[in-house]
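Okay, structure first, notes after.
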Amino acid sequence: MTPPPITLDRVTLRHGRRDIIRDLSGVFAPGSLTALIGPNGSGKTTLLRALTRLHAPARGRIDRGGLARHQIALLPQASAMDRSFPITCRDVVALGMTARLGPFRAIGPSHLDTAEQALASVGMHDHGRRPIGALSAGQFQRVLFARMIVQDAPVLLLDEPFSAVDSTTLTDLLAILRTWHLQGRTIVTVLHDLDLVHDAFLRTLMLCEPPVWGTTAATLTEVNRHRAGLSSRPSWSPRHQHAD
Amino acid sequence: MFDLVLDPFTLPFMRRALAGCLVLSVAAPPLGVFLVLRRMSLMSDVMQHGVLPGIALGAMVGGLSVYAMGFGGVLAGLAIALLAGFLSRRTGGREDSQLAGVYLIALAAGVALVSSQRGIDLTHLLFGSVLAVDDAALFGMAGVATVTVFGLAIIWRPLILESLDPGFMAATGGHGAIWHLSFLALVVLCVVSGFVALGTLMAVGLMMLPAIAARHWSDSLSGQMTMAVVLAILSSVGGLTVAFNLDVPAGPAIVLTAGALWAVSLILGPHASLLRDRRQIG
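Given below as structure tokens:
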């Protein structure tokens, strides 16, 4: 699975009259695993929405290399899903296939098997027939990952997928992310935990003015962190004052 | 006891009314279940008031034919649904207050229009009359029920997805608004088709009360749908019996029966009811 590169050419994203991202250019290379970081309000979610065509750029161009809409899967932060809806985990996962099947083509037994397998691979073997209303936050996030597995999209965008999960779930979901990476999918993940970015992501896009985009090692320097307001040390530390 | 239930239905007009209510009992409650799940219960209220001016205008233009009144009602209902959606989009949220404003005006306009005409009995229009269910009305109800059942089957999966996770639907390129509007069109059809037997103010009762009650009987969608239909059928039979024996309008009798079944479900049902399962609903 080698998706085409996704190229951003001087993309400006706007909320109302305010530019949140200005003239962002760069490439999400095929099969790259990128962490998307930045302070609150820096446009991380908006950028993901722009990549999925949910937000139109005010200026500039996003070239998706001919990827169809269903080939870019988005896992939103704090999913808008109605957790009180009377539906089983298996059916939620199976509905992920409608992205490819369209609204009318039948979801048959083989599709339901696929959904069960996806649930098993996120550690939810025996939850297929349980209603989603009974799940913990971590279990629910596992179900959403299972749905992303059956979507089988070459490009995966995840918005803070680990923000509300326990450490066991974090380990399991990270393993799934690595599997996706080994399968050659292009992955962009919004994260807050810089240690996690450092340990698990080769490339990082830091949204600040101007944006920094490159290998994680080159991006996550103290200088850049400081500039983006993400410094893990006190920003007045004299050691870093003159580094610019 | 059995005579009390069976005797009324030896009369032809009671049999027609029963047949009409039974076909509506199959078609309307599943829509009600979706209205409840989509947190749009208020919408059914708006519809029932909104169709009244349309029915009155239909009668003015086309005479006292069921089809003329029904057609006017459907147009008015669709117009209200679109208007409410448009207003809340343009003015930002607060759809409920827009809806309240729209339906109060619609009800007043409807009553004014109906009262200005000779030959229409406002009580029958608002609360229904089993005597008024002629063959034309019965065929109309059966036709609408057929369209509704098939229509719901066609939009079933996208409607579930749009109710469950609209964000996902939008991100995968689905067009949520189409399914939303198709669903509202079915609701309007069902509300209008019930007005002859149940009256415009009561037709929604057969749609909503069994659906609300069904939440206490099942935690699966198909289970809730089935239970809602069963409760609606019981309400129709029970309500028409009461209406005949106590000489009250059919609409309120059927809605009160459905209300009694809801009360029983609320107290005794296996899911999230007062006595059996104290778990909160969603």
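Just so you know, the sequences run in chain order A and B. Using this note's numbering, the final residue of the first sequence is 244, and nothing's skipped along the way. Using this note's numbering, the final residue of the second sequence is 526, and nothing's skipped along the way. Backbone N, C-alpha and C fix where the C-beta goes; we use that ideal spot for every residue, glycine too.
>> Any beta carbon of chain A sitting closer than 7 Å to that of glycine 384 of chain B?
In response: Here residue 384 of chain B is taken as the residue at index 140 of the second sequence, counted from 1. No, glycine 384 of chain B lies away from the interface with chain A (no Cβ there is under 7 Å from its Cβ).
>> On the criterion of 16 or more Cβ atoms from any shown chain inside 10 Å, does serine 480 of chain B qualify as buried, or is it exposed?
In response: Sequence index remark: in the second sequence, residue 480 of chain B carries index 236 (1-based). Buried, because 16 or more other Cβ atoms sit within 10 Å of the Cβ of serine 480 of chain B.
> Does aspartate 126 of chain A come within less than 7 Å of chain B when only Cβ atoms are used?
Replying inline: In the first sequence, residue 126 of chain A corresponds to position 126, counting from 1. With 7 Å as the cut-off, aspartate 126 of chain A does not count as an interface residue toward chain B.
> Which residues in chain A sit within 8 Å of proline 514 of chain B, going by Cβ to Cβ distance?
Replying inline: Locating residue 514 of chain B in the second sequence gives position 270, counting from the first residue. By Cβ distance, chain A contributes nothing, its closest Cβ being about 13 Å from proline 514 of chain B, past 8 Å.
>> Taking the straight line between their C-alpha atoms, what separation do you get for valine 249 of chain B and proline 76 of chain A?
In response: Taking the second sequence and counting its residues from 1, the one referred to as residue 249 of chain B is at position 5. Taking the first sequence and counting its residues from 1, the one referred to as residue 76 of chain A is at position 76. One C-alpha to the other measures close to 55 Å.
>> Mapping the DSSP letters down to three states, classify threonine 2 of chain A as helix, strand or coil.
In response: On the first sequence, position 2 is the one that residue 2 of chain A refers to. The answer is coil: DSSP assigns threonine 2 of chain A none of H, G, I, E or B.
>> Can you tell me whether histidine 293 of chain B is helix, strand or coil according to DSSP?
In response: Along the second sequence, one-based indexing puts residue 293 of chain B at 49. Note: histidine 293 of chain B maps to helix in three-state DSSP.
>> Just to confirm the assignment, what range does the alpha helix (DSSP H) spanning arginine 142 of chain A have?
In response: Translated into positions along the first sequence, residue 142 of chain A becomes position 142. Element bounds for arginine 142 of chain A: 137-151.
> Measuring CB to CB, does glycine 411 of chain B end up less than 7 Å from arginine 69 of chain A?
Replying inline: Translated into positions along the second sequence, residue 411 of chain B becomes position 167. Translated into positions along the first sequence, residue 69 of chain A becomes position 69. No, the Cβ-Cβ distance between glycine 411 of chain B and arginine 69 of chain A is not below 7 Å.
> Are three or more beta carbon pairs between the stretch 95-114 of chain A and the stretch 151-158 of chain A nearer than 8 Å?
Replying inline: yes
> Considering only residues of the same chain and omitting the five flanking positions on each side of threonine 254 of chain B, which have a CB-CB separation below 7 Å?
Replying inline: For the purposes of this step, residue 254 of chain B is identified with residue 10 of the second sequence, where counting begins at 1. Around threonine 254 of chain B: no qualifying Cβ.
>> One question on the structure: do leucine 450 of chain B and alanine 476 of chain B come within less than 7 Å of each other, judged by their Cβ atoms?
In response: Against the second sequence, residue 450 of chain B aligns to sequence position 206. Against the second sequence, residue 476 of chain B aligns to sequence position 232. Their beta carbons are under 7 Å apart, which means leucine 450 of chain B touches alanine 476 of chain B by this criterion.
> So alanine 447 of chain B and valine 435 of chain B are in contact, right, with Cβ under 8 Å, and what is the actual spacing, rounded?
Replying inline: Within the second sequence, residue 447 of chain B is the residue found at index 203, counting from 1. Within the second sequence, residue 435 of chain B is the residue found at index 191, counting from 1. Separation of the CB atoms of alanine 447 of chain B and valine 435 of chain B is rounded to 5 Å, and the pair is thereby assigned contact status at 8 Å.
> How about threonine 416 of chain B: is its C-beta nearer than 7 Å to some C-beta of chain D?
Replying inline: The structure shown contains no chain D; its protein chains are A and B.
> What does DSSP give as the partner residues of aspartate 197 of chain B in its beta bridges?
Replying inline: Since the first residue of chain B shown is 245 and the last is 526, residue 197 of chain B is not available in this structure.
> Since arginine 69 of chain A meets chain B, which of its residues come closer than 8 Å, beta carbon to beta carbon?
Replying inline: On the first sequence, residue 69 of chain A is found 69 positions in, with the first residue counted as 1. Those are Thr416 and Gly417, listed as they occur along chain B.
> Around the C-beta of proline 238 of chain A, are 16 or more other C-beta atoms found within 10 angstroms, so that it is buried, or is it exposed?
Replying inline: If you number the first sequence from 1, residue 238 of chain A lands on position 238. Low confidence applies to proline 238 of chain A: its pLDDT is 43, below 50, so where it sits in the model is not reliable, and the reading given next is rough at best. When all chains shown are included, proline 238 of chain A counts as exposed.
> Going by the beta-carbon positions, is the gap between threonine 171 of chain A and alanine 35 of chain A smaller than 7 Å?
Replying inline: Locating residue 171 of chain A in the first sequence gives position 171, where the first residue counts as 1. Locating residue 35 of chain A in the first sequence gives position 35, where the first residue counts as 1. Against a cut-off of 7 Å, the Cβ pair of alanine 35 of chain A and threonine 171 of chain A comes out as no contact.
>> Helix, strand or coil for proline 154 of chain A? Go by DSSP, reduced to three states.
In response: By 1-based counting over the first sequence, the position of residue 154 of chain A is 154. If DSSP states are grouped into helix, strand and coil, proline 154 of chain A belongs with coil.
> Under the criterion of a Cβ to heavy atom distance below 6 Å, does alanine 441 of chain B qualify as lining the ligand MG?
Replying inline: This structure lacks the ligand MG; in fact it carries no ligand of any kind.
> With 7 Å set as the bound, which would you pick, yes or no: does the beta-carbon of leucine 74 of chain A sit closer than that to a beta-carbon of chain B?
Replying inline: The residue labelled residue 74 of chain A in the question sits at position 74 within the first sequence. Yes, leucine 74 of chain A lies at the interface with chain B (some Cβ there is under 7 Å from its Cβ).
> According to DSSP, which residues form a beta bridge with aspartate 166 of chain A?
Replying inline: For the purposes of this step, residue 166 of chain A is taken as the residue at position 166 of the first sequence. DSSP output for aspartate 166 of chain A lists no bridge partner at all.
>> Given this structure, state the Cα-to-Cα distance separating glutamine 241 of chain A from isoleucine 62 of chain A, to the nearest angstrom.
In response: In the first sequence, the residue the question calls residue 241 of chain A occupies position 241. In the first sequence, the residue the question calls residue 62 of chain A occupies position 62. Interpretation of glutamine 241 of chain A is limited by its pLDDT of 39, a score under 50 that renders its predicted location unreliable; no figure is taken from the coordinates.
> Which two residues bound the contiguous alpha helix (DSSP H) that contains threonine 221 of chain A?
Replying inline: Along the first sequence, read from residue 1 onward, the residue named residue 221 of chain A stands at position 221. Run containing threonine 221 of chain A: none; DSSP gives neither H nor E here.
>> Quick check on the DSSP output: the alpha helix (DSSP H) that includes phenylalanine 28 of chain A runs from which residue to which?
In response: Counting from one through the first sequence, the residue named residue 28 of chain A turns up at place 28. Element bounds for phenylalanine 28 of chain A: not the alpha helix (DSSP H) but the beta strand (DSSP E), 18-28.
> At a Cβ cut of 8 Å, what residues of the stretch 76-90 of chain A count as close to chain B, listed as they run along the chain?
Replying inline: Along the stretch 76-90 of chain A, the positions whose C-beta sits under 8 Å from a C-beta of chain B are Pro76, Ser79, Ala80, Met81, Asp82, Arg83, Ser84, Phe85, Pro86, Ile87 and Thr88, read in chain order.
> Cα-Cα, which of A:Pro109, A:Gly102, A:Gly133 and A:Gln139 is closest to alanine 120 of chain A?
Replying inline: For the purposes of this step, residue 120 of chain A is taken as the residue at position 120 of the first sequence. Comparing Cα positions, the closest option is A:Gln139.
> Any idea what DSSP makes of leucine 266 of chain B, helix, strand or coil?
Replying inline: By 1-based counting over the second sequence, the position of residue 266 of chain B is 22. DSSP places leucine 266 of chain B in helix when its eight states are reduced to three.
> Hey, is proline 154 of chain A's beta-carbon within less than 7 Å of any beta-carbon in chain B?
Replying inline: Counted from its first residue, the first sequence places residue 154 of chain A at position 154. False, the Cβ-Cβ gap to chain B never drops below 7 Å.
> Does the beta-carbon of histidine 424 of chain B have 16 or more other beta-carbons within 10 angstroms, so that it is buried, or is it exposed?
Replying inline: Stepping through the second sequence from its first residue, residue 424 of chain B is reached at position 180. By the neighbour-count rule (16 or more Cβ atoms within 10 Å), histidine 424 of chain B is buried.
>> Going by C-alpha to C-alpha distance, which of B:Val358, B:Leu279, B:Val440 and B:Ala323 sits closest to valine 310 of chain B?
In response: Residue 310 of chain B sits at position 66 when you count from the first residue of the second sequence. If we check each option's Cα against that of valine 310 of chain B, B:Val440 comes out closest.
> With DSSP run on the structure shown, which of helix, strand or coil describes histidine 198 of chain A?
Replying inline: As a position in the first sequence, residue 198 of chain A is number 198, starting the count at 1. Three-state DSSP puts histidine 198 of chain A in a helix.
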